[in-house]
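Sequential numbering of the sequence shown, starting at 1, is according to UniProt numbering. From the three backbone atoms N, C-alpha and C, an ideal C-beta is built for every residue, glycine too.
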Amino acid sequence: MIEAKNLSKSFGKQLIFKDLNFTINDGDFVSLIGPNGSGKTTLVKIMMGLEKKTSGVLKIDKQTIGYVPQFRNIDIDYPLNIEQFVRLNLKFTLSPAKRRQDNATIEKILEKTKLTNLKDRPLGLASGGEKQKAYLAQALLNDPKILILDESTASLDVEVKMQLMDLVEELNHKYNLTVIFITHDYELTKKYTSRALFFKHQTIEEVNVADVSEDMFDMGG
Ligand SMILES: Nc1ncnc2c1ncn2[C@@H]1O[C@H](COP(=O)(O)OP(=O)(O)OP(=O)(O)O)[C@@H](O)[C@H]1O
1 MIEAKNLSKS FGKQLIFKDL NFTINDGDFV SLIGPNGSGK TTLVKIMMGL EKKTSGVLKI
61 DKQTIGYVPQ FRNIDIDYPL NIEQFVRLNL KFTLSPAKRR QDNATIEKIL EKTKLTNLKD
121 RPLGLASGGE KQKAYLAQAL LNDPKILILD ESTASLDVEV KMQLMDLVEE LNHKYNLTVI
181 FITHDYELTK KYTSRALFFK HQTIEEVNVA DVSEDMFDMG G
């Protein structure tokens, strides 16, 4: 469970948000929506311990968080294949027993993310959706209880976005994985998320997903 009480953040004199109060329960599939610059990424950075809050309380049960970034293309000559890329998040070990365990973990994760048949494909030659699945697999490596998708579907084709989200939805259902989805995508918010937290005027408001409207994603700030 994640619980914020009067959580505030400023960068110098710039107030980003003030007195946020919300709870995210285990197994929730929540979207964080709102205009550019409203503080969505800043909030998840605070959750991940990458950024300091200014005041208030943020309680997160001691649990690992997986993070999937926005899609960025990877050069065609990137040296690793999909399996090697997913392995990057493993700690290097010389212990044969630990290596066997790691191999089993990798196999399981590739299966979970439906990458088993693609594991030898050079990442640079993989499609956009396959690359995002590889990032997802990496994020799942340490068995997180919370998965943060930071605009992870942006710049993917509609069909590919849906495939990635179907997979995330399956993980959410099967493993009660909490999903926090930062997005500017109206359709995906409606289709996949069960709760929406709307960043507006330096605060957030819980909105029924049925009442989410396109203007809430206004890019104008
Ligand atoms: N390290 C930093 N130092 C100073 N200002 C920052 C820093 N990080 C973010 N900001 C500012 O904080 C504000 C909120 O940024 P943030 O990235 O959290 O917004 P966002 O809602 O995720 O935006 P977007 O939808 O465009 O990704 C912006 O004005 C940004 O410029």
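Proximity of residue i and residue j at Cβ, strictly below 8 Å
{"i": "Ile76", "j": "Gly124", "result": "yes"}
{"i": "Met179", "j": "Ile33", "result": "In the sequence on display, residue 179 carries Val and not Met. It is not a contact, given that the beta carbons lie outside the stated cut-off."}
{"i": "Ser31", "j": "Phe181", "result": "yes"}
{"i": "Thr83", "j": "Asp26", "result": "Position check: residue 83 holds Glu in this sequence, whereas Thr was assumed. No; because the gap between Cβ atoms is not below 8 Å, this pair is not in contact."}
{"i": "Ala4", "j": "Val86", "result": "no"}
{"i": "Thr183", "j": "Glu206", "result": "no"}
{"i": "Phe29", "j": "Leu197", "result": "no"}
{"i": "Val68", "j": "Tyr135", "result": "yes"}
{"i": "Thr105", "j": "Arg99", "result": "no"}
{"i": "Ile46", "j": "Ile24", "result": "no"}
Run of the beta strand (DSSP E) containing residue i, from where it starts to where it stops
{"i": "Gln14", "result": "14-24"}
{"i": "Lys30", "result": "Just to set this straight, residue 30 is Val in the shown sequence, not Lys. Where Val30 is concerned, the enclosing beta strand (DSSP E) stretches over 29-33."}
{"i": "Val207", "result": "203-207"}
Run of the alpha helix (DSSP H) containing residue i, from where it starts to where it stops
{"i": "Leu171", "result": "158-175"}
{"i": "Thr42", "result": "40-47"}
Sequence-distant residues of its chain with Cβ nearer than 6 Å to residue i (five each side left out)
{"i": "Gly66", "result": "Ala139, Leu140, Pro144, Leu147"}
{"i": "Lys18", "result": "Ser8, Gln202"}
{"i": "Leu110", "result": "Thr116, Lys119"}
Beta bridge counterpart(s) of residue i as assigned by DSSP
{"i": "Asp150", "result": "Ile182"}
{"i": "Lys9", "result": "Phe17"}
{"i": "Lys200", "result": "Thr203"}
{"i": "Ala4", "result": "Phe22, Leu58"}
Same chain only: Cβ atoms within 8 Å of residue i, ignoring 5 sequence neighbours per side
{"i": "Leu156", "result": "Phe71, Gly128, Gly129, Gln132, Leu164"}
{"i": "Asp185", "result": "Thr153, Ala154, Lys161, Phe217"}
Cβ-based neighbour list, residue i, same chain, cut-off 7 Å, excluding 5 preceding and 5 following
{"i": "Gly220", "result": "Below a pLDDT of 50, predicted positions are generally treated as unreliable, and Gly220, at 47, falls in that range; no measurement from the model is reported."}
* Which parts of the segment 54-134 are runs of the alpha helix (DSSP H), unbroken and 4 residues or longer, counting only runs that do not cross its ends? -> Listed in chain order, they are 82-87, 96-112.
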